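J.: If you're matching positions, the sequence shown starts at 0 in numbering that gives the first Met the number 0 and goes up one per residue.
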Amino acid sequence: MNTLTHVGNLFAFIGGLGMFLYGMDIMASGLQKAAGNKMRELLGYLTNNRFLGVLVGALVTAIIQSSSATTVMVVGFVNAGIMNLTQAAGVIMGANVGTTITAWLVSANEWAGALKPDFFAPLILGIGAFIITFSSRQKLTQKAEIAVGFGILFIGLSSMSSSIGMYQDSPIFYKAFQVLGNNPFLGILVGALVTAIIQSSSASVGILQTLAMRGIVNWRSAVFITLGQNIGTCITALLSSAGANKTAKRAATIHLLFNVMGAVIYGIIMTIFFGIFNDLALQHISGTQISIFHSIFNISITILLFPFANVLVKISGLIIHEDAIEEDDDEEVEEKVLRHLDPRILETPSFAVENAVKEVVRMGGIALGNLNRIMKEAMKDEPSQKKIDKVFHNEQVINHLETMITGYLVKISQLALTDKQTVVVNNLFDTITDIERAGDHVENIAEYLQEMKEGKSHFTKQAQEELKEMTEYVKNALNHAICSIENDSIEEARIATENEEKVDKLEKKLRKSHIQRLKTESCVPEVGVFYLDIISSLERISDHADNIAGYVLNQNDK
0 MNTLTHVGNL FAFIGGLGMF LYGMDIMASG LQKAAGNKMR ELLGYLTNNR FLGVLVGALV
60 TAIIQSSSAT TVMVVGFVNA GIMNLTQAAG VIMGANVGTT ITAWLVSANE WAGALKPDFF
120 APLILGIGAF IITFSSRQKL TQKAEIAVGF GILFIGLSSM SSSIGMYQDS PIFYKAFQVL
180 GNNPFLGILV GALVTAIIQS SSASVGILQT LAMRGIVNWR SAVFITLGQN IGTCITALLS
240 SAGANKTAKR AATIHLLFNV MGAVIYGIIM TIFFGIFNDL ALQHISGTQI SIFHSIFNIS
300 ITILLFPFAN VLVKISGLII HEDAIEEDDD EEVEEKVLRH LDPRILETPS FAVENAVKEV
360 VRMGGIALGN LNRIMKEAMK DEPSQKKIDK VFHNEQVINH LETMITGYLV KISQLALTDK
420 QTVVVNNLFD TITDIERAGD HVENIAEYLQ EMKEGKSHFT KQAQEELKEM TEYVKNALNH
480 AICSIENDSI EEARIATENE EKVDKLEKKL RKSHIQRLKT ESCVPEVGVF YLDIISSLER
540 ISDHADNIAG YVLNQNDK
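Laid out in structure tokens, this is it:
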């Protein structure tokens, strides 16, 4: 063969690999669209039982054709607090079982006879393309997308196979796989590297099967490369966890630990096995035999390590240490980070909306905590500077959360939402604005107390008691408003509204009472101004609580 032929074969192989990967992606995308959100929701709702988690992980991966995609979803769910690590461990184990489906699909070219997929692939691709081009029915075009992906996948596989075919008797290929077989570590390393580069164990196994179908690969090299491929597939989840919290990083670490342990166990077993059956080790392996080994390996390792899922969780904790939370007077230090929202859950509208609500509730809780904290200081003759500073810090957190949550709500609003979800998301936009403004009023109160502290002045006992009474109604209004969001509760919303009405009446009463004190000169005028400013701020906070309650009542009227 001349140089041009070799270059042509290389181009055909690269093109075939590209079509294979693209076909897998299109087919997986079509399957996910056809399944809607149900597959992802299964991950979130059906994993309280670890055994059930394994089954769900296997089912979801078999449908979306990617253990990496399943694991990335798991990392996202853990990061958003939807799933704990024990649940995640079960799903991750199941994902390894589900990923064997693709290998069986590829090997069908060997055992399906006249019905082998690559024979029908062009026809299936053509039918799918016609449907996508001329049909306006969404469900039908989603199914056609699966057909197009299937066709492209097998046409790519056929292209790779043809380009390799003329090298099946090449001494270079024979020698290369002999070296990989004789050095288990090298075989595992090559399998891991190739898989890490293309970020798909299904694709790398498919490439190996293509080589095997041409009689190029022996048993020993295929086994160790396959073990490495299971390790290489972890790279996707590890990269995905880079911007996640430490619990999510531990989920990705569990995936790596599980696959590395499996590779080590089988690496030792197969090294001993090939030492005894050396003749088998050097025999050519078929694509179907790779599917069989791939399935036995993943299923048996899942069965073997399943009872030790909690051990994997503990080991991940030793590798990824949780930071100790510094506490200030037994109070949690709020951080400018989202705790319930994660980009990986945006593909699941139900979870995205649910967790957006959780994040807004958290934001409201910070505002409520700030209100409670500053009003306790208002009742004192000597407010704590530390507490006042904490209020200022938390107000910055609230402002930052408003910006970040708004960005997520914009993305969520672009998803395929139900009518109720659309109303909820629209109301959340308004809710975070009200919470932020309520937080501003709390900050104003902190500034008033700061000025009083610097002027060495304080409220009279009567004024403190009046502020205490009003604060209770305002706290109740804001607390019930936040609870109404969290529980989508009409009852909580109505209680918030009732408390707001009491605040309005009390504010007028206290204003008159205070003016009377000023007339009788039983109150220092400078301090009196701060008093009026504070009750005005409290009344406005209750107004925002009433607005929030109104949004909940509104979304339940539709």
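Yeah, the Cβ is synthetic: ideal placement off N, Cα and C, and Gly gets one too.
Note that the coordinates shown come from a computational prediction; the quantities given were computed from them, not determined experimentally.
1) Report yes if the C-beta distance between Y530 and H513 is below 8 Å; otherwise report no.
2) Do you know whose CA, among E538, I253, D429 and N108, lies nearest N553's CA?
3) Please state whether DSSP places V244 in a helix, a strand or coil.
4) Run the CB neighbour count on D545, radius 10 Å, all protein chains shown included, and call it buried at 16 or more, exposed below.
5) When DSSP builds the beta bridges, which residues end up paired with N217?
6) CA-CA distance, Q461 and E497?
7) Using the Cα positions of Q463 and E499, report the straight-line distance between them to the nearest angstrom.
8) Whole angstroms is fine: what's the gap from S294's alpha carbon to T225's?
9) Closest to T101 by C-alpha separation, out of E485, L207, T347 and S536, would be which residue?
10) Considering only their Cβ atoms, is the gap separating R372 from K389 smaller than 8 Å?
11) Restricting to Cα atoms, I'd like to know which of E490, I481, L466 and I484 is closest to I505.
12) Give the list of continuous alpha helix (DSSP H) stretches no shorter than 4 residues that lie fully inside the segment 55-137.
13) Could you check the C-alpha separation between F184 and A191 for me, to the nearest Å?
14) Give me the Cα-Cα distance between M378 and F458, rounded to the nearest whole angstrom.
15) Out of curiosity, what's the CA-to-CA distance linking S315 and R49?
16) Between I123 and the rest of its own chain, which residues show a CB-CB distance below 7 Å, the 5 nearest in sequence each way excluded?
17) Enumerate in chain order the residues of its own chain whose CB-to-CB distance from M374 is below 6 Å, with the five nearest sequence positions on each side excluded.
18) Who are the Cβ neighbours of V53 in its own chain at under 8 Å, not counting the five residues just before and after it?
19) Are L345 and I411 close, meaning C-beta to C-beta below 8 Å?
20) DSSP on E381, reduced to helix/strand/coil?
21) Three-state secondary structure (DSSP) at Q420?
22) Please report the residue range of the alpha helix (DSSP H) in which T235 lies.
23) When DSSP labels each residue in this structure, what does S200 get in the three-state scheme?
24) Does DSSP put F350 in a helix, in a strand, or in coil?
25) Any idea what DSSP makes of Y409, helix, strand or coil?
T.: To lay it out plainly:
1) In the sequence shown, residue 530 corresponds to position 531, counting from 1. In the sequence shown, residue 513 corresponds to position 514, counting from 1. Yes, Cβ-Cβ distance for Y530 and H513 is below 8 Å.
2) In the sequence shown, counting from the first residue as 1, residue 553 sits at position 554. Nearest C-alpha to N553: D429.
3) Here residue 244 is taken as the residue at index 245 of the sequence shown, counted from 1. The amino acid occupying residue 244 in the given sequence is Asn; Val does not appear at that position. Note: N244 maps to coil in three-state DSSP.
4) By 1-based counting over the sequence shown, the position of residue 545 is 546. Under this definition D545 is a buried residue.
5) On the sequence shown, position 218 is the one that residue 217 refers to. H283.
6) For the purposes of this step, residue 461 is identified with residue 462 of the sequence shown, where counting begins at 1. For the purposes of this step, residue 497 is identified with residue 498 of the sequence shown, where counting begins at 1. When rounded, the distance between both Cα atoms is 25 Å.
7) The count along the sequence shown starts at 1 and reaches residue 463 at position 464. The count along the sequence shown starts at 1 and reaches residue 499 at position 500. Those two C-alpha atoms are separated by around 20 Å.
8) Position 295 of the sequence shown, counted from the start, is the residue given in the question as residue 294. Position 226 of the sequence shown, counted from the start, is the residue given in the question as residue 225. Their backbone Cα atoms lie some 11 Å apart in a straight line.
9) On the sequence shown, residue 101 is found 102 positions in, with the first residue counted as 1. Answer by Cα proximity: L207.
10) As a working note, residue 389 is residue 390 in the sequence shown. As a working note, residue 372 is residue 373 in the sequence shown. Yes, the pair counts as a contact, with Cβ atoms nearer than the cut-off.
11) Translated into positions along the sequence shown, residue 505 becomes position 506. The question names Ile, but residue 505 is Leu in the sequence shown. Checking every option, the nearest Cα to that of L505 belongs to L466.
12) 66-78, 84-97, 99-110 and 116-133
13) Mapped onto the sequence shown, residue 184 falls at position 185. Mapped onto the sequence shown, residue 191 falls at position 192. Going from the Cα of F184 to the Cα of A191 covers about 10 Å.
14) In the sequence shown, the residue the question calls residue 378 occupies position 379. In the sequence shown, the residue the question calls residue 458 occupies position 459. Their backbone Cα atoms lie some 8 Å apart in a straight line.
15) The sequence position of residue 315 within the sequence shown is 316, counting from 1. The sequence position of residue 49 within the sequence shown is 50, counting from 1. Cα-Cα distance, rounded: 17 Å.
16) As a working mapping, residue 123 is identified with position 124 in the sequence shown. Excluding positions up to five away in sequence, the list reads A146, F149 and G150.
17) As a first step, residue 374 must be located in the sequence shown, where it is residue number 375. The residues are T470.
18) Within the sequence shown, the letter at position 54 stands for residue 53. Closer than 8 Å at Cβ, skipping near neighbours: G89, V90, M92, G93, V96, T301 and F305.
19) Position 346 of the sequence shown holds residue 345. Position 412 of the sequence shown holds residue 411. Contact flag set, yes.
20) Translated into positions along the sequence shown, residue 381 becomes position 382. Residue state, collapsed to three classes: coil.
21) Within the sequence shown, residue 420 is the residue found at index 421, counting from 1. If DSSP states are grouped into helix, strand and coil, Q420 belongs with the helices.
22) Sequence index remark: in the sequence shown, residue 235 carries index 236 (1-based). That run of the alpha helix (DSSP H) goes C233 to S239.
23) For the purposes of this step, residue 200 is taken as residue 201 along the sequence shown, with counting starting at 1. Reduced to three states, the DSSP call for S200 is helix.
24) As a working mapping, residue 350 is identified with position 351 in the sequence shown. Reduced to three states, the DSSP call for F350 is helix.
25) Residue 409 sits at position 410 when you count from the first residue of the sequence shown. Checking the sequence shown, residue 409 turns out to be Val, not Tyr. It is helical.
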